[in-house]
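Residue numbers (the numbering used here): 800 to 1028. Glycine included, every Cβ here is placed at the ideal spot set by N, Cα and C. The model shown is predicted, which means the values in this text are computed figures rather than measured ones. Single-structure report; data block below.
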């Protein structure tokens, strides 16, 4: 599949320090590599000036759309809202601290000739030991509880055909959304492939994942699994 039509969905919450760094960079990359693109920013009731900064960018870059949730409803809620608003053939969720090279999308594009979703596993990982440990534990438990065959459940790089997303019945409002998407890929028998993508060392922003988050995720995993038929 040649670079043609893509929607980028970026959830933000209190990201004033990153908005003017990351968004112009993302826009420049997309303009250079795609014939048709849009950037959808989902602002989730930030208490800093994230909304105001994003609004200024929409006036400077016509491809940017800004949607405000008014209050914080969770990462999953923001993603689901963004997915409902996309208009392009491919959908690429991005986190604003850009944990992997933007060029990773170019590596993924050829696979869309044969697959509906491109997932990833980490070929390199420069995160802190504590973040690696939390991720490893959650990945292990998610695979067991949801019986998922994927190598990495919460690897950041994922791209979908819009037609594949339209088949998924997503309900999660929090960080469980990644696991739910993979569960839906399996349940709906959507074709996918996992490719190696290296994580960069974090140079921008601060992780919003704390000790409580993985613990809550485990409870959410169990609760989600019990609700499935």
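Taking 8 Å as the limit between beta carbons, can you name the residues of its chain near residue 875, skipping five residues before and five after?
Result list for residue 875: 969, 971, 972, 973, 974, 975, 976, 979, in chain order.
Whole angstroms is fine: what's the gap from residue 894's alpha carbon to residue 805's?
Using only the alpha carbons, I get a separation of about 16 Å.
Within the 9 Å Cβ cut-off, does residue 1023 reach chain B?
Absent here is chain B; the protein component of the structure consists of one chain.
May I have the straight-line CA-CA distance separating residue 808 from residue 992, to the nearest angstrom?
Distance between the alpha carbons of residue 808 and residue 992: 21 Å.
Start and end of the alpha helix (DSSP H) containing residue 836?
Not the alpha helix (DSSP H): residue 836 falls in the beta strand (DSSP E), residues 835 to 842.
Over what stretch of residues does the beta strand (DSSP E) that includes residue 867 continue unbroken?
Unbroken beta strand (DSSP E) run through residue 867: 863 to 867.
Taking C-alpha atoms, which residue in 856, 959, 1017 lies nearest to residue 886?
The option with the nearest alpha carbon to residue 886 is 959.
In this structure, does DSSP put residue 920 in helix, strand or coil?
Strand, per DSSP.
I need the straight-line Cα distance from residue 882 to residue 932, nearest angstrom please.
Distance between the alpha carbons of residue 882 and residue 932: 30 Å.
Taking the beta carbon of residue 798 as the centre, do at least 16 other beta carbons fall within 10 Å, making it buried, or is it exposed?
Missing from the structure shown is residue 798; the chain here goes from 800 to 1028 and no further.
May I ask you to report which of helix, strand or coil DSSP gives residue 995?
Here residue 995 sits in strand by DSSP.
Indicate whether residue 842 and residue 862 have their beta-carbon atoms separated by less than 9 Å.
No, the pair does not count as a contact, with Cβ atoms beyond the cut-off.
Start and end of the beta strand (DSSP E) containing residue 889?
First-last of the beta strand (DSSP E) with residue 889: 889 to 892.
In angstroms with no decimal places, state the Cα-to-Cα distance between residue 911 and residue 944.
Using only the alpha carbons, I get a separation of about 29 Å.
What three-state label does DSSP hand residue 895 in the structure shown?
Three-state DSSP puts residue 895 in coil, outside helix and strand.
Can you list, in chain order, the residues of its chain whose CB lies under 7 Å from that of residue 987, leaving out five sequence neighbours each side?
Same-chain partners within the cutoff: 966, 967.
Excluding five sequence neighbours on each side, which residues of the same chain lie with their C-beta closer than 7 Å to the C-beta of residue 1009?
Caution is warranted here: a pLDDT of 49 is assigned to residue 1009, below 50, making its placement in the model unreliable, and the coordinate value is therefore given only provisionally. Within the same chain, residue 1009 has no close Cβ partners at all.
So, using beta-carbon positions, are residue 941 and residue 1025 closer together than 9 Å?
Contact flag unset, no.
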